[in-house]
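Numbering (full-length UniProt numbering), first residue to last: 1 to 169.
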Amino acid sequence: MDEITALIMEDHHTFRVGFARLDDAQGEEQLRALWEPLALHLDIHAEAEEEILYPHLLTDSGGEEAEEETDDAIRDHNKIRDGIVEASKHPVGSDGWWAGVWQARTENSEHLAEEEDEVLPDFRKHASMELRIELGARWLRFFAEHPQGKGLDFHNKDPKRYIAEHEQD
Numbered sequence: 001m002d003e004i005t006a007l008i009m010e011d012h013h014t015f016r017v018g019f020a021r022l023d024d025a026q027g028e029e030q031l032r033a034l035w036e037p038l039a040l041h042l043d044i045h046a047e048a049e050e051e052i053l054y055p056h057l058l059t060d061s062g063g064e065e066a067e068e069e070t071d072d073a074i075r076d077h078n079k080i081r082d083g084i085v086e087a088s089k090h091p092v093g094s095d096g097w098w099a100g101v102w103q104a105r106t107e108n109s110e111h112l113a114e115e116e117d118e119v120l121p122d123f124r125k126h127a128s129m130e131l132r133i134e135l136g137a138r139w140l141r142f143f144a145e146h147p148q149g150k151g152l153d154f155h156n157k158d159p160k161r162y163i164a165e166h167e168q169d
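Printed below as a string of structure tokens:
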């Protein structure tokens with residue numbers, strides 16, 4: 001069965017490949033065909049993590065660094081979203097567009113490294129396999145329930161407020 005950390009890692013691989021494909025794209029049509037689904041996937045992925053993974057990380061499933069890691073992740077997601085929004089303000093392939101894409105790419109690369117080196121190992125260490133499988137099923141349902149991001153509101157979140165709303169007393 002799919003467990004959540006493996007599913008997240010699969011998305012991370014997809015993001016790396018997607019950004020690499022942009023490097024080889026020729027012209028506006030190819031850039032748009034690659035960027036639009038990649039940007040949408042980045043947005044949906046962040047929402048899924050914020051809905052499913054990080055609330056559990058803030059419980060005893062995350063370890064001692066859970067609050068700091070969650071704060072950092074929410075800030076990272078905001079910076080990735082900001083890059084996506086910036087790119088959308090400019091014609092595809094223009095310098096402004098590339099600046100937004102580059103912001104999303106660099107912030108995403110840093111986020112993936114932190115998540116893969118710190119957050120996910122901590123979660124695997126503290127969360128039972130049963131919970132990880134249950135959250136994996138929720139992860140798959142989340143994507144199925146929100147095809148093409150339907151019903152999701154991609155907006156920045158205040159990290160402190162997010163943590164306060166999701167911490168268990």
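From the three backbone atoms N, C-alpha and C, an ideal C-beta is built for every residue, glycine too.
#### Entry: Cβ distance (whole Å) where A73 is taken to contact V119 below 8 Å
7 Å
### Message
Just verifying my parser: in three-state terms, what is the DSSP assignment at V101?
### Response
helix
### Query
From L34 to H13, what does the alpha carbon distance come to, in whole angstroms?
15 Å
### Cα-Cα separation, V17 to S94
22 Å
#### Entry: Sufficient close CB pairs (3 or more, under 8 Å) joining the region 76–83 to the region 101–117
yes
### Task
Can you say whether P121 is buried or exposed, counting buried as having 16 or more other CB atoms within 10 angstroms of its CB?
exposed
### Task
Look at the Cβ atom of L135, then the Cβ atom of L53, and state whether they are nearer than 9 Å.
yes
### Message
Considering Cα atoms alone, identify which of D23, I133, N108, E64 is closest to I84.
### Response
N108
### Query
Near A87, which residues of its chain fall below 6 Å by C-beta distance, leaving aside the five closest residues on each side in sequence?
W97, G100, V101
### Query
Skipping 5 residues on each side, what residues in its chain have a beta carbon closer than 8 Å to that of P91?
E28, W97
### Task
Assuming H146 and L152 form a contact by the criterion Cβ under 8 Å, report the distance between their Cβ atoms to the nearest whole angstrom.
5 Å
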